[in-house]
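Input: a single structure, listed below in structure tokens.
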Amino acid sequence: MDDFENYVGQSVHIERLRSEFAEGTFTHAYLFAGPVGTGKKSVARLCAMTALCRGEHRPCGVCGPCRRVLAETHPDVHVLRPAAGKREIAVGQMRELLKEADVHTFEDGVKVFLIPEAEKMNAASQNTLLKTLEEPASNTVFLLTTVHLSALLPTVVSRCRLIRFHPLTDEETAARLRALGVPEEQVGVRARIAEGCVGQALAVEEKVITLRNEMAEQFFAVHSLADIPDIVNRYKDRKDDRQILLDLFEEIVREILLSQAGRQEPVTLPQTARNYARAVPLEGGLALRERILEARKMVQSNVAFQSVLETVLIKISEEYTRWPW
Ligand SMILES: [Zn+2]
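Read in order, the letters of the sequence shown correspond to residues 26 to 350 in my numbering.
This is the structure in structure tokens:
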């Protein structure tokens with residue numbers, strides 16, 4: 026199960042958060058700020074679980090309240106997001122939410138309000154929330170998370186306990202994963218895919234790791250145009266996975282770029298990809314990354330996935346031809 030300790034490196038306040046929620050000494054509002062993928066929403070959910078958990082070691086992850094928080098069906102946990110198709114959290118939505126703050130709780134007497142994309146509250150919503158934050162009800166906690174702290178009114182920020190979240194370096198993530206007992210052969214790959222978030226690194230499924238390694242192996246075995254159809258045939262029917270395939274490939278190329286730039290050995294890559302990293306200079310790797318961006322645009326424009334794959338693989342074969350190896 027996900028736990029606070031998975032996020033220790035993301036913020037210096039993780040242990041304090043855990044104990045405040047376990048002991049019921051939490052304050053009325055928290056604001057978690059930091060880049061995407063640093064565990065803010067996961068930690069907010071863990072706080073909610075801990076406040077409501079009935080297990081012995083909170084959060085236990087298995088009691089009724091914990092499971093209801095995870096399934097977003099707990100009657101005392103309210104999540105506020107923009108309405109379907111809307112960009113902003115409207116003031117009407119905020120008023121509805123705050124009405125709940127005045128109603129008695131259903132279960133253990135704690136009410137939790139989660140606002141996962143707090144930057145989407147418009148000014149009127151924020152001002153409405155502010156009145157509640159200025160006169161907090163007991164046993165009520167607001168957990169706001171945001172990637173754009175500057176989009177929030179300074180008055181709202183000052184009414185919350187601000188906790189900053191940071192990405193980890195690959196090395197820090199790897200060290201955390203080792204400490205959590207992840208097998209050594211998976212540490213590097215998981216750390217890279219998750220881009221500095223231990224929680225995400227743990228959540229990466231084995232099949233994604235396998236796919237990533239197969240892709241790196243096969244894509245970089247393309248040395249000439251004649252090698253392309255075989256690889257395209259293996260992947261062209263995975264249209265539904267096209268986003269994850271491009272994400273994984275971009276991550277693979279990022280590791281290659283670091284190697285080409287002399288920053289770090291491509292330790293998580295198979296031999297074919299290492300050969301490419303050695304044979305092709307940084308300039309070629311950068312051109313390949315550009316090609317991935319083009320491929321993403323092709324996907325957005327509903328170009329056949331076969332053509333998307335071809336455009337990427339052609340670039341790899343061009344680079345092999347261009348540079349002696
Ligand atoms: Zn529990």
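Just so you know, even glycine gets a beta-carbon here, dropped at the ideal spot from N, CA and C.
Computed from a predicted structure; not experimentally measured.
Discussion item. Just to check my reading of the structure: SER342 and ASP252 have Cβ atoms closer than 8 Å, yes? What is that Cβ distance to the nearest angstrom?
Written reply: That belief holds up - the Cβ atoms of SER342 and ASP252 are roughly 7 Å apart, short of 8 Å.
Worksheet item: Just checking my contact of TYR260 with LEU168 at CB under 8 Å: how many whole Å lie between their CB atoms?
Response: Rounded, the Cβ-Cβ distance is 41 Å, inconsistent with contact.
Worksheet entry | Integer Cβ distance of LEU282 from GLY310, believed to fall under 8 Å | The pair is a contact, with the Cβ atoms about 5 Å apart (cut-off 8 Å).
Fill in: Coarse secondary structure for ARG314, derived from DSSP in three states
Correct three-state label for ARG314: helix.
Worksheet entry | Where the beta strand (DSSP E) through ARG215 begins and ends | It is not in any beta strand (DSSP E) - ARG215 instead sits in the alpha helix (DSSP H) that spans 209-219.
Item to complete: For THR52, collect the residues of the same chain with a Cβ closer than 7 Å to its Cβ; drop the 5 residues on either side in sequence, then sort them by chain order.
Response: Around THR52: ARG186.
Practice prompt. Compute the minimum distance between the beta carbon of VAL87 and the heavy atoms of ligand 1, and state whether it is under 7 Å.
Written response: It does: the Cβ of VAL87 is within 7 Å (strictly closer) of some heavy atom of ligand 1.
Worksheet item: Anyone know if the C-beta pair for SER284 and PHE190 falls short of 8 Å?
Response: Taking 8 Å as the Cβ cut-off, SER284 and PHE190 do not qualify as a contacting pair.
Worksheet item: Beta carbon of ALA143, beta carbon of THR170: below 8 Å?
Response: Result yes, Cβ atoms of ALA143 and THR170 sit closer than 8 Å.
Worksheet item: Less than 7 Å between the CB of ARG93 and some heavy atom of ligand 1, yes or no?
Response: The answer is no for ARG93.
Worksheet item: In whole angstroms, what is the alpha-carbon distance linking GLU308 and GLU220?
Response: Roughly 23 Å separates the two Cα atoms.
Worksheet item: Assuming GLY224 and GLY49 make a contact with CB atoms under 8 Å, what is their CB distance in whole Å?
Response: With a Cβ gap of about 24 Å, GLY224 and GLY49 do not count as contacting.
Item to complete: Per DSSP, which residues does VAL102 bridge with? Please list them.
Response: VAL102 pairs with VAL137.
Worksheet entry | Classification of PRO291 by the beta-carbon crowding that lies within 10 angstroms, buried from 16 upward | Around the CB of PRO291, 16 or more other CB atoms lie within 10 Å, so the residue is classed as buried.
Discussion item. Based on DSSP bridge pairs, tell me the residues matched to ARG186.
Written reply: For ARG186, which the question treats as bridged, DSSP gives the partners TYR55.
Worksheet item: If you drop the 5 nearest sequence neighbours on each side, which residues of the same chain put their C-beta closer than 6 Å to that of SER249?
Response: Excluding residues within five positions, the ones whose Cβ falls inside 6 Å are SER342.
Worksheet item: Where does MET119 fall in DSSP's three states?
Response: In this structure, MET119 counts as helix in the three-state DSSP scheme.
Worksheet item: What is the DSSP secondary structure of MET323, counted as helix, strand or coil?
Response: In the three-state reduction of the DSSP assignment, MET323 falls in the helix class.
Discussion item. What I want to know is whether the C-beta of GLY80 ends up closer than 7 Å to one or more non-hydrogen atoms of ligand 1.
Written reply: At least one heavy atom of ligand 1 is nearer than 7 Å to the Cβ of GLY80, so yes.
Discussion item. Only counting the same chain, and skipping five residues up and downstream in sequence, which positions put a Cβ closer than 7 Å to that of GLY34?
Written reply: If we look at GLY34 and ignore the five residues flanking it on each side, its Cβ neighbours are LEU193, GLU197, ARG201 and VAL223.
Discussion item. Is it buried or exposed, THR180, if we count other Cβ atoms within 10 angstroms and call 16 or more buried?
Written reply: Burial call: exposed.
Worksheet entry | Neighbourhood of ARG120 by C-beta distance below 7 Å, restricted to the same chain and skipping five residues each side | Short of 7 Å from the beta carbon of ARG120, and not among the five residues preceding or following it, lie these beta carbons of its own chain, in chain order: THR153.
Worksheet item: Sorry if obvious, but does the Cβ on PRO100 come closer than 7 Å to a heavy atom of ligand 1?
Response: Answer for PRO100: no, Cβ out of range of ligand 1.
Item to complete: May I ask you to check if the CB of PRO208 is nearer than 7 Å to at least one heavy atom of ligand 1?
Response: Not under cutoff, so the answer is no.
Worksheet item: To which residues of the same chain is GLU113 closer than 8 Å at the C-beta, ignoring the five residues directly before and after it?
Response: Once the five neighbours on either side are set aside, the close Cβ partners of GLU113 are PRO107, LYS145, MET146, ASN147 and SER150.
Discussion item. Let's test the definition: count the other Cβ atoms within 10 Å of the Cβ of ILE277 and tell me whether it reaches 16, buried, or not, exposed.
Written reply: Burial of ILE277 is indicated by the presence of at least 16 other C-beta atoms within 10 angstroms of its C-beta.
Worksheet item: Out of GLY80, HIS82, ALA76 and ILE39, which has the shortest C-alpha to C-alpha gap to VAL68?
Response: Answer by Cα proximity: ILE39.
Item to complete: Whole angstroms is fine: what's the gap from VAL229's alpha carbon to TRP348's?
Response: Those two C-alpha atoms are separated by around 35 Å.
Fill in: Same chain, Cβ closer than 7 Å to CYS78, five either side skipped, listed in chain order
Cβ-Cβ distances below 7 Å link CYS78 to PRO84, CYS85, CYS88, PRO90 and CYS91 in the same chain, with the five nearest sequence neighbours on each side left out; the list follows chain order.
Worksheet item: Quick one: Cα of GLU315 to Cα of VAL233, how far?
Response: Each residue's alpha carbon lies about 24 Å from the other.
Worksheet item: Which runs of the beta strand (DSSP E), 3 residues or longer, sit entirely within the segment 231-309?
Response: As far as the segment 231-309 is concerned, it has no whole beta strand (DSSP E) run of at least 3 residues.
Worksheet item: Cα-Cα, which of ALA241, GLN243 and ARG215 is closest to GLU231?
Response: Of all alpha-carbon atoms in ALA241, GLN243 and ARG215, the one lying nearest the alpha-carbon of GLU231 is that of ARG215.
Worksheet item: Taking buried to mean at least 16 other C-beta atoms within 10 Å of its own C-beta, is LYS351 buried or exposed?
Response: Any answer about residue 351 is impossible in this case: the structure gives the chain only from 26 up to 350.
Worksheet item: Just to check, is the beta-carbon of ARG43 closer than 7 Å to a non-hydrogen atom of ligand 3?
Response: For ligand 3, the structure offers nothing, since it holds only ligand 1.
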